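Chains A and B are the protein sequences, given in the same order.
Take 4 as the starting number for the first sequence in this note's numbering and just add one per residue.
Take 4 as the starting number for the second sequence in this note's numbering and just add one per residue.
Backbone N, C-alpha and C fix where the C-beta goes; we use that ideal spot for every residue, glycine too.
None of these values were measured; they are calculated from a predicted model.
Report on one structure; see the data block that follows.
There are 2 protein chains.
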Amino acid sequence: MSSIDIELANTIRQDIIEGTLEHGARITEAKLCDWHNVSRTPVRLALRRLEQEGMIRKGDGRGYVIEGISVDDIRQAVQVRGHLESLAARLMAQRDNQKDSLDKMNQAVLQMDSLTNMGRLDDAIIREMHASNVEFHSAILDGCGNDYVKFTCGQISHLPMLAAGSMVFDRDSISGNKDIEKSILRLKIGNSQHRIIYEAIVQGDAVRAEGMMREHSNTMIEYIETFETRNTKLTVSDLVSYTVQSSQEMNSETVEQVKQ
Amino acid sequence: MSSIDIELANTIRQDIIEGTLEHGARITEAKLCDWHNVSRTPVRLALRRLEQEGMIRKGDGRGYVIEGISVDDIRQAVQVRGHLESLAARLMAQRDNQKDSLDKMNQAVLQMDSLTNMGRLDDAIIREMHASNVEFHSAILDGCGNDYVKFTCGQISHLPMLAAGSMVFDRDSISGNKDIEKSILRLKIGNSQHRIIYEAIVQGDAVRAEGMMREHSNTMIEYIETFETRNTKLTVSDLVSYTVQSSQEMNSETVEQVKQ
DNA sequence: GATGGATATTTGGGATCCCAAATATTCTAA
DNA sequence: TTAGAATATTTGGGATCCCAAATATCCATC
């Protein structure tokens with residue numbers, strides 16, 4: 004288990020994302036101490052961390068102010084992440100002898116293939132799909148040869164939907180068991196993009212790898228937009244509930260060790 | 004003046020960049036307290052900050068270990084930053100009515116024009132050139148409509164050469180007053196790229212804007228490589244000495260307020 | 001009643017203290 | 001002499017205390 008200040012930062016971040024702590028609200032160290040029954044030392048550390056993440060900012064005089072996260076923020080961050088991944092794909096295509104990462108990518112593609120071919124979408128399968136997706140995307144960041152791409156991606160991965168290889172599912176459709184085929188089709192299309200990216204990298208086709216990754220990254224943005232057309236008052240919490248959370252999420256602690 | 008922990012983080016970061024604190028060296032809170040005559044509270048805050056930046060990492064058991072920065076790290080980070088700027092250029096070209104930012108860019112281009120036409124490269128002129136360069140690059144980040152691009156750039160801007168609009172000069176040539184024409188030519192070429200980027204954005208030519216920015220960003224990487232061919236043992240300190248430092252550098256505090 | 005200044009309270013930054021875990025050292029027994 | 005246990009020391013995390021700056025409250029004066 005992490006130290007209190009990390010846990011605290013996670014809790015407060017969650018509260019901000021969920022909207023429990025509203026945008027623009029003022030918070031003081033003392034209140035947080037009170038709420039969470041800890042002393043001011045870990046609270047201070049947690050606040051500094053959140054400040055560096057951009058979740059809160061120092062108020063004019065004293066105190067901190069909640070910055071909050073909007074759906075538009077998520078969209079923007081997804082765009083940044085996607086752009087960084089397209090760089091990673093290009094760089095990896097320009098290198099060679101990344102057998103390790105390539106094998107992982109291939110494995111992930113095959114695994115996702117067999118998963119989508121099962122024609123079902125229960126929790127276990129979704130979790131496995133997510134794992135494959137994480138595997139694929141992480142392998143590119145690891146194999147691109149530029150550690151700062153991964154590091155920089157890690158810097159925004161505390162936001163909802165922005166952890167490495169996050170997947171989005173249409174909760175409503177799945178729970179209602181309708182349009183399962185549609186969701187699976189979408190996953191198959193996504194995996195076909197994975198395969199193309201993999202092939203392009205193997206063949207050293209940097210332009211194609213980058214282009215396909217760019218297209219692939221757009222998928223999530225478009226998906227967010229379909230949510231928005233259906234639900235004009237789409238909240239960040241809604242988005243979170245659409246996102247698959249792995250049990251062992253990449254947290255900021257591991258992120259900081261990207262460079263080994 | 005900032006609080007002690009910010010200052011302390013800056014000092015320690017500087018020591019790491021300069022190599023005073025060597026890569027792999029172990030540091031303890033107590034020693035830092037001793038060296039800087041402060042209590043452990045600000046030291047802890049500074050260490051956490053540096054840890055988040057990736058400059059240090061927690062050791063296996065106790066203590067922290069210096070990660071250090073290599074020339075290759077800088078090259079990688081420059082690549083990431085350039086890629087993000089190319090995204091910004093594309094996004095800005097796709098928007099319209101960014102009159103404010105466009106004016107600033109145009110102003111910066113004109114200013115750089117007149118500066119390069121003076122045919123001299125003294126300190127004052129270099130400082131003004133740097134200011135124009137910062138103006139140009141900041142305007143794109145501000146005008147692209149995606150706050151996370153700027154925020155993410157800010158996350159790596161504590162590294163040498165990676166503050167917004169950093170410029171690199173061939174110190175040896177300038178101090179020796181030889182090859183001034185060559186340096187000025189390089190600056191003129193750079194500014195012609197600025198002008199093309201500006202024009203492309205005005206015309207809404209996203210592809211051209213992105214492509215030109217990508218090319219423009221490559222310049223610094225290539226310049227680093229010319230340094231390397233000349234000096235096979237190029238150190239990070241060398242690179243720092245080639246970099247123009249504005250008197251009012253964008254520090255981490257302002258970076259955190261990107262989102263306003 | 002409004003205004004300005006004096007006083008009280010809140011609040012964040014820094015220092016110090018305590019504690020448990022990790023590490024180093026010493027000592028004992030085979 | 002050496003392995004291993006017992007002890008001492010170092011070290012980081014957390015709690016608490018102090019202080020100065022910022023803010024709020026109150027009161028006297030006009």
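Neighbour-count burial assignment, residue i, 16 or more Cβ in a 10 Å radius
i	result
residue 210(A)	exposed
residue 122(A)	exposed
residue 125(A)	exposed
residue 17(B)	exposed
residue 34(A)	exposed
residue 232(B)	exposed
residue 104(A)	buried
residue 194(A)	buried
residue 192(B)	exposed
residue 26(A)	exposed
residue 70(B)	buried
residue 88(B)	buried
residue 118(A)	buried
residue 136(B)	buried
residue 246(A)	buried
residue 84(B)	buried
residue 155(A)	buried
Close beta carbons around residue i, own chain, < 8 Å, minus the five adjacent residues each side
i	result
residue 62(B)	29 and 68
residue 243(A)	20, 21, 163 and 164
residue 240(A)	20, 21 and 22
residue 65(B)	31
residue 131(A)	114 and 118
residue 57(B)	70
residue 39(B)	11, 14 and 46
Inter-residue Cα distance where the pair is residue i and residue j
i	j	result
residue 55(A)	residue 184(A)	42 Å
residue 43(A)	residue 32(A)	6 Å
residue 169(A)	residue 41(B)	43 Å
residue 161(B)	residue 128(A)	42 Å
residue 10(B)	residue 79(B)	26 Å
residue 219(A)	residue 138(A)	16 Å
residue 82(A)	residue 227(A)	12 Å
residue 266(B)	residue 190(B)	No answer is possible for residue 266(B): the residues shown for chain B start at 4 and end at 263.
residue 214(A)	residue 59(A)	35 Å
residue 157(B)	residue 230(B)	26 Å
residue 86(B)	residue 150(B)	15 Å
residue 109(B)	residue 237(A)	39 Å
residue 106(A)	residue 111(B)	48 Å
residue 187(B)	residue 221(A)	41 Å
residue 133(A)	residue 74(B)	36 Å
residue 37(B)	residue 72(B)	25 Å
residue 172(A)	residue 76(A)	19 Å
residue 116(A)	residue 199(A)	13 Å
residue 24(A)	residue 51(A)	17 Å
residue 182(B)	residue 248(B)	22 Å
Helix, strand or coil at residue i according to DSSP, with G and I counted as helix
i	result
residue 31(A)	coil
residue 236(B)	coil
residue 254(A)	Its pLDDT being 39, under 50, residue 254(A) is placed unreliably in this model, and the coordinates cannot settle the point.
residue 199(B)	helix
residue 93(A)	helix
residue 41(B)	coil
residue 23(B)	coil
residue 60(A)	strand
residue 183(B)	helix
residue 247(A)	coil
residue 192(A)	helix
residue 69(B)	strand
Spatial neighbours of residue i in its chain, beta-carbon cut-off 6 Å, leaving aside the 5 residues before and after
i	result
residue 8(A)	45, 48 and 49
residue 4(A)	Per-residue confidence for residue 4(A) stands at a pLDDT of 48, beneath the threshold of 50, marking its modelled position as unreliable; the derived number appears in the next sentence. Nothing meets the Cβ criterion.
residue 148(A)	94 and 98
residue 167(A)	137, 140, 141 and 253
residue 146(A)	95, 101 and 104
residue 197(B)	112 and 139
Cutoff 7 Å; reference residue i; Cβ partners in own chain excluding five residues on either side
i	result
residue 96(A)	203, 204, 207, 208, 209 and 212
residue 90(A)	152
residue 53(B)	12, 15, 16 and 59
residue 92(B)	143, 200, 204, 212, 213 and 216
Any non-hydrogen atom of the ligand MN within 7 Å of residue i CB
i	result
residue 122(A)	Questions concerning the ligand MN fall outside what the structure shown contains, since it holds no ligand whatsoever.
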